[in-house]
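**Student:** Chains as they are written, first to last, in my numbering: chain A, 1 to 234; chain B, 1001 to 1352; chain C, 2001 to 2390. A virtual CB, placed ideally from N, CA and C, is assigned to each residue, including glycine. These numbers come from a predicted model, not from an experiment. Pasting a structure here, questions to come.
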């Protein structure tokens, strides 16, 4: 290996980075015990607020809390579980899109579609769920936390007192899904003009580009390449 | 009064002087723009620069001038039109006034002014006025910021320029630029007059301070806060387009050339070669051969090119100072250094 | 480090006090200036509204969204392989790096792993895209501060990397090369020797930039002590990549998680800096570029042979589930939260882009600084508009 640069800038107090362990020691991956500890800590702090949890072995941990304990759960994650790094906050709309994959032929009547709302990991009762991810940097694990929001006037408490960076994420979530964040100082649109109507990432908001011009594949539909056992991509 | 032993009426002499002045301003500007801005900068940045217009892109400047001339004359609706239109002319005017006092040869000068140095320093600040006018009248916040920065910077760097030139004046004992040139080429260093006595040898510190102040007076990087292309787009020049921008552009490079001419007059010996080489008598100007009136401008041109290359080289290499760092540098470093230089020069002048 | 933060706080308080006093005495208001959306300094169409008191910023508010393309909605109407082509264009300077976390998330859901050769080549291309991205940053840094020459050297040397990526993938800027289960193609003949030579050239480039820019006193005085972000604030805002490491936080997703990429087979150093100022951020990126060239050299020496594509069905239907994968992209931490319902395409994809979090700290960090510092802080935070706006 070529010698690394030794040019330390003048009057600098950069310590030599010897604290990085060389890569021949096995990476101390968080075990499932750590993940179970997360669930236990949350249950201890929130009690009834923690509704469901899912631990995928050697993979990740999901928890679902009630909307009322959303902010408290954030605090527990930051202070008790030690997740000091805020990754992101967003929402999922579990309703299947009434437009399918926006490939409908506008001259034909709309086909029948399954409209059952089926939530994912850790279940759910409402159409929309707010979810966030935080990371514990020192122990190398992260937690995905979800919460149901009401269908009419969806609202949860803001995470700004817990993680200052949630400000922008909550603005985007509000703009895209219409979820209110109680206590947010400045809930205005992030990307779209102020007078934009509708919430684009909701499933019942159509993909406007496909309304303007229907999916070009309607006209020359080829059957998809057949066979399931060949190598290669579709 | 005769010029080159040809008797010309006064109006013809004035016409010649005007033409000569125009050439003296525009020719360096053009050469500097082509050689340094187009070619030297390009080679430093590992590219070729303009190659299409004329052989090796030599006609590019004419192409650019033509382009600027045929552009639409736009002024912002809320701009103060009289001031807006006058600003570029004020800046260019200061260049022409400046070149009036530079000697190009023993008889090739526009005016033999006894207070040449004083006049030169005074007139070089007129461009500050022009820049301020441009900044304020543009009805544009970026231009305003650029103009205000320029005001502070240009005034701050006038002082080191004045103080550094004072060292030369003390050594020469006169403010007349022609006499300064003659003295540099005829004096002797400790009795040996093989090289004349260019003041750069003893006034090296003053030379450095002068060049730095010139860099700042021209608002060239590292002192280009007023323009600051990545922040203020073009600073005080933002709203100017077409012919007016061309005037700013020419003024920038012409002033660089003229300042280089002045620096070569003050420090490098001006138009002369050491008199001892040609056996001229410093007290009798008529003893200098007439061909020197043609050789002088050529020598001045060469020296100007060398100094301008230095200015441009620094311009293309360094990042820019922040406004307060720039001011700190002028007031806390350059002015004390030049004051000390004056002190030492005075002491040595009296001692030796 | 506390001294610098205190000085910033004090300067901010002083600016506020001065402004308040002025407002009362002279009844002046600050001047509101729009930096952008068309501006040489912002890397694209970012608009920052600053309120100035003279040359000092009272408050600053970025207004993003001029380039919002609605990626998360678009992914819902694409099939899984089509999302790769879409997602190339988020961070368009290091575009292979955008595909990788999505492909890894889909592979996680399908429980398929790419063969070792594909994993190594993926890692090599990932590091090459990092080099392409950050070498442009190093050149652009000079332009933001007024040194117009280094950017040409950056573009010249970056061409070599782009040519490499093109010869391997077919696209300079948008390779669209990653596939679920592996890669589209194998490497062309002679690529490995070519890449080794290019890495040498890039190390020279890093040395050149270090001498020309980082050693310059003006450069250092413009960047040192400016825009200090303490570690706690950085973690709260979700700053990632070099921005986080410049505040002293030792967190690198290449080393700190176990992904099916070849990072555990090579040795590399993770650079941190205790200061947290603009200079630290820029300096770390320089070191990381050099480090990336060393990683590529090690990887080139050990590529295993074998197929580059695992056995996956022709029509890819990813089983139902949710997966989150994030990687250490050139700009920071980029991650995809993929929700699949067993269809041809994803149900919901949440794209966590690094620059979104990196820029969310701008209102906090720009209080009380001067206008030139606004530019230099933005330059050191380093964002790409496509990454902020998606």
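Classify residue 1343 of chain B: buried if its beta carbon has 16 or more other beta carbons within 10 angstroms, exposed otherwise.
**Tutor:** The residue labelled residue 1343 of chain B in the question sits at position 343 within the second chain. Flag for residue 1343 of chain B reads exposed.
**Student:** Taking residue 1152 of chain B as the reference, give the member of C:2048, C:2211, C:2321 and C:2054 with the closest Cα.
**Tutor:** The residue given as residue 1152 of chain B occupies position 152 in the second chain. Of C:2048, C:2211, C:2321 and C:2054, the residue nearest in Cα terms is C:2054.
**Student:** Counting along the chain, where does the beta strand (DSSP E) carrying residue 2402 of chain C start and finish?
**Tutor:** The structure shown does not extend to residue 2402 of chain C, since chain C is modelled only from 2001 to 2390, so the question has no answer here.
**Student:** Quickly, what does DSSP pair residue 2333 of chain C with across the bridge? List them, please.
**Tutor:** Taking the third chain and counting its residues from 1, one reaches residue 2333 of chain C at position 333. In the DSSP output, where bridge partners are listed per residue, residue 2333 of chain C has C:2328.
**Student:** Assign residue 1022 of chain B to one of two classes, buried (16 or more other C-beta atoms within 10 Å of its C-beta) or exposed (fewer than that).
**Tutor:** Mapped onto the second chain, residue 1022 of chain B falls at position 22. By the 10 Å Cβ count, residue 1022 of chain B comes out exposed.
**Student:** Sorted by chain position, which residues of the same chain lie with C-beta nearer than 8 Å to residue 2363 of chain C's C-beta, five sequence neighbours on each side aside?
**Tutor:** Sequence index remark: in the third chain, residue 2363 of chain C carries index 363 (1-based). Closer than 8 Å at Cβ, skipping near neighbours: 2059, 2060, 2061 and 2062.
**Student:** Please tell me whether residue 2060 of chain C has its Cβ less than 8 Å away from any Cβ of chain B.
**Tutor:** Against the third chain, residue 2060 of chain C aligns to sequence position 60. Not closer than 8 Å to any Cβ of chain B, the Cβ of residue 2060 of chain C fails to qualify, so no.
**Student:** Residues in its own chain within less than 7 Å of residue 1091 of chain B by CB, not counting five upstream and five downstream?
**Tutor:** Working through the second chain from its first residue, we reach residue 1091 of chain B at position 91. Same-chain partners within the cutoff: 1127, 1130, 1131, 1248 and 1251.
**Student:** What is the rounded straight-line gap between the Cα of residue 1335 of chain B and the Cα of residue 1349 of chain B?
**Tutor:** Residue mapping note: residue 1335 of chain B aligns to position 335 of the second chain, counting from 1. Residue mapping note: residue 1349 of chain B aligns to position 349 of the second chain, counting from 1. So the alpha carbons of these two residues sit roughly 21 Å apart.
**Student:** According to the neighbour-count rule (16 or more other Cβ atoms, all chains shown, within 10 Å of its Cβ), is residue 1341 of chain B buried or exposed?
**Tutor:** Position 341 of the second chain, counting from 1, holds the residue named residue 1341 of chain B. Counting Cβ neighbours within 10 Å, residue 1341 of chain B comes out buried, since at least 16 surround it.
**Student:** Determine the DSSP secondary structure at residue 2272 of chain C, reduced to helix, strand or coil.
**Tutor:** Position 272 of the third chain holds residue 2272 of chain C. The answer is coil: DSSP assigns residue 2272 of chain C none of H, G, I, E or B.
**Student:** Quick one: is residue 2027 of chain C near chain A, going by C-beta distance under 8 Å?
**Tutor:** Translated into positions along the third chain, residue 2027 of chain C becomes position 27. Any reading at residue 2027 of chain C is ruled out, since the residue's pLDDT is 49, under 50, leaving its predicted position unreliable.
**Student:** Please report the residue range of the beta strand (DSSP E) in which residue 93 of chain A lies.
**Tutor:** Against the first chain, residue 93 of chain A aligns to sequence position 93. Element bounds for residue 93 of chain A: 85-93.
**Student:** Between residue 2237 of chain C and chain A, is any beta-carbon pair separated by less than 8 Å?
**Tutor:** Reading the third chain from its first residue, position 237 is the one you call residue 2237 of chain C. Yes, residue 2237 of chain C counts as interfacial toward chain A.
**Student:** Buried or exposed for residue 1135 of chain B, going by 16 or more other Cβ atoms inside 10 Å?
**Tutor:** Here residue 1135 of chain B corresponds to residue number 135 of the second chain, with the count starting at 1. Buried is the call here.
**Student:** What residues in the region 137-159 of chain A have a beta carbon less than 8 Å from any beta carbon of chain C?
**Tutor:** For the region 137-159 of chain A, which is checked against every Cβ of chain C, the residues closer than 8 Å are 137, 140, 142 and 144.
**Student:** Tell me where the beta strand (DSSP E) around residue 139 of chain A begins and ends.
**Tutor:** Residue 139 of chain A sits at position 139 when you count from the first residue of the first chain. It is not in any beta strand (DSSP E) - residue 139 of chain A carries neither H nor E in the DSSP assignment.
**Student:** Below 8 Å on the Cβ atoms is my contact criterion, and I expect residue 1199 of chain B with residue 1088 of chain B to pass it. Report the Cβ-Cβ distance as a whole number of Å.
**Tutor:** By 1-based counting over the second chain, the position of residue 1199 of chain B is 199. By 1-based counting over the second chain, the position of residue 1088 of chain B is 88. With a Cβ gap of about 34 Å, residue 1199 of chain B and residue 1088 of chain B do not count as contacting.
**Student:** Return the first residue and the last residue of the beta strand (DSSP E) that residue 1260 of chain B is part of.
**Tutor:** Counted from its first residue, the second chain places residue 1260 of chain B at position 260. Note, residue 1260 of chain B: premise wrong, no beta strand (DSSP E); alpha helix (DSSP H) at 1243-1267.
**Student:** Thinking C-alpha only, which one of C:2121, C:2056, C:2137 and C:2075 is nearest residue 2094 of chain C?
**Tutor:** As a first step, residue 2094 of chain C must be located in the third chain, where it is residue number 94. Ranking C:2121, C:2056, C:2137 and C:2075 by Cα distance to residue 2094 of chain C puts C:2137 first.
**Student:** Taking a Cβ distance cut-off of 7 Å, strictly less, list which residues of the region 162-178 of chain A are near chain C, in chain order.
**Tutor:** Cβ contacts with chain C come from 163, 164, 165, 167 and 168.
**Student:** Kindly list the residues whose CB is nearer than 8 Å to the CB of residue 1017 of chain B, restricted to its own chain and excluding five residues on each side of it in sequence; keep chain order.
**Tutor:** Indexing the second chain from 1 puts residue 1017 of chain B at position 17. Hits under 8 Å: 1110.
**Student:** Report yes or no: do the region 180-196 of chain A and the region 106-117 of chain A share at least 3 C-beta pairs separated by less than 8 Å?
**Tutor:** These segments do not touch.
**Student:** Tell me the residue span of the beta strand (DSSP E) that contains residue 2061 of chain C.
**Tutor:** The residue labelled residue 2061 of chain C in the question sits at position 61 within the third chain. Counting along the chain, the beta strand (DSSP E) containing residue 2061 of chain C begins and ends at 2056-2063.
**Student:** If you scan the region 2335-2365 of chain C from start to end, which runs of the alpha helix (DSSP H) of 4 or more residues do you find wholly inside it?
**Tutor:** You should have 2354-2360 and 2362-2365.
**Student:** Using a Cβ cut-off of 9 Å, pull out every chain B residue sitting near residue 2031 of chain C, in sequence order please.
**Tutor:** Position 31 of the third chain holds residue 2031 of chain C. Correct list: 1141, 1144 and 1145.
**Student:** Can the beta-carbon of residue 2090 of chain C be found closer than 8 Å to that of residue 2390 of chain C?
**Tutor:** Looking up residue 2090 of chain C in the third chain gives position 90. Looking up residue 2390 of chain C in the third chain gives position 390. Their beta carbons are under 8 Å apart, which means residue 2090 of chain C touches residue 2390 of chain C by this criterion.
**Student:** Within the 8 Å Cβ cut-off, does residue 1178 of chain B reach chain C?
**Tutor:** Residue 1178 of chain B sits at position 178 when you count from the first residue of the second chain. Not an interface residue.
**Student:** Anyone know if the C-beta pair for residue 1270 of chain B and residue 1184 of chain B falls short of 8 Å?
**Tutor:** Translated into positions along the second chain, residue 1270 of chain B becomes position 270. Translated into positions along the second chain, residue 1184 of chain B becomes position 184. Yes. Within cutoff.
**Student:** If distances are taken between C-alpha atoms only, which option among B:1207, B:1095, B:1102 and B:1100 comes closest to residue 1125 of chain B?
**Tutor:** Here the question's residue 1125 of chain B lines up with position 125 in the second chain. Taking only the C-alpha atoms, the option nearest residue 1125 of chain B is B:1095.
**Student:** Cβ of residue 2057 of chain C less than 8 Å from any chain B Cβ?
**Tutor:** Counting from one through the third chain, the residue named residue 2057 of chain C turns up at place 57. No, its Cβ sits nowhere closer than 8 Å to a Cβ of chain B.
**Student:** Which residues in the same chain have their Cβ closer than 6 Å to the Cβ of residue 207 of chain A, if we skip the five residues on either side of it in sequence?
**Tutor:** Here residue 207 of chain A corresponds to residue number 207 of the first chain, with the count starting at 1. Excluding residues within five positions, the ones whose Cβ falls inside 6 Å are 102.
**Student:** On the CB-based measure, 16 or more other CB atoms within 10 Å of its CB, does residue 1019 of chain B come out buried or exposed?
**Tutor:** In the second chain, counting from the first residue as 1, residue 1019 of chain B sits at position 19. When all chains shown are included, residue 1019 of chain B counts as exposed.
**Student:** Looking only at its own chain, which residues have a Cβ that is under 7 Å from the Cβ of residue 2155 of chain C, when we skip the five neighbours before and after it?
**Tutor:** Along the third chain, read from residue 1 onward, the residue named residue 2155 of chain C stands at position 155. Same-chain partners within the cutoff: 2139.
**Student:** DSSP beta-bridge partners for residue 52 of chain A?
**Tutor:** Against the first chain, residue 52 of chain A aligns to sequence position 52. BP columns for residue 52 of chain A point to A:64.
**Student:** Determine which residues of the region 116-137 of chain A have a Cβ less than 7 Å from any Cβ of chain C, and write them out in chain order.
**Tutor:** Those residues of the region 116-137 of chain A that come within reach of chain C (Cβ to Cβ, closer than 7 Å) are 120, 121, 133 and 137.
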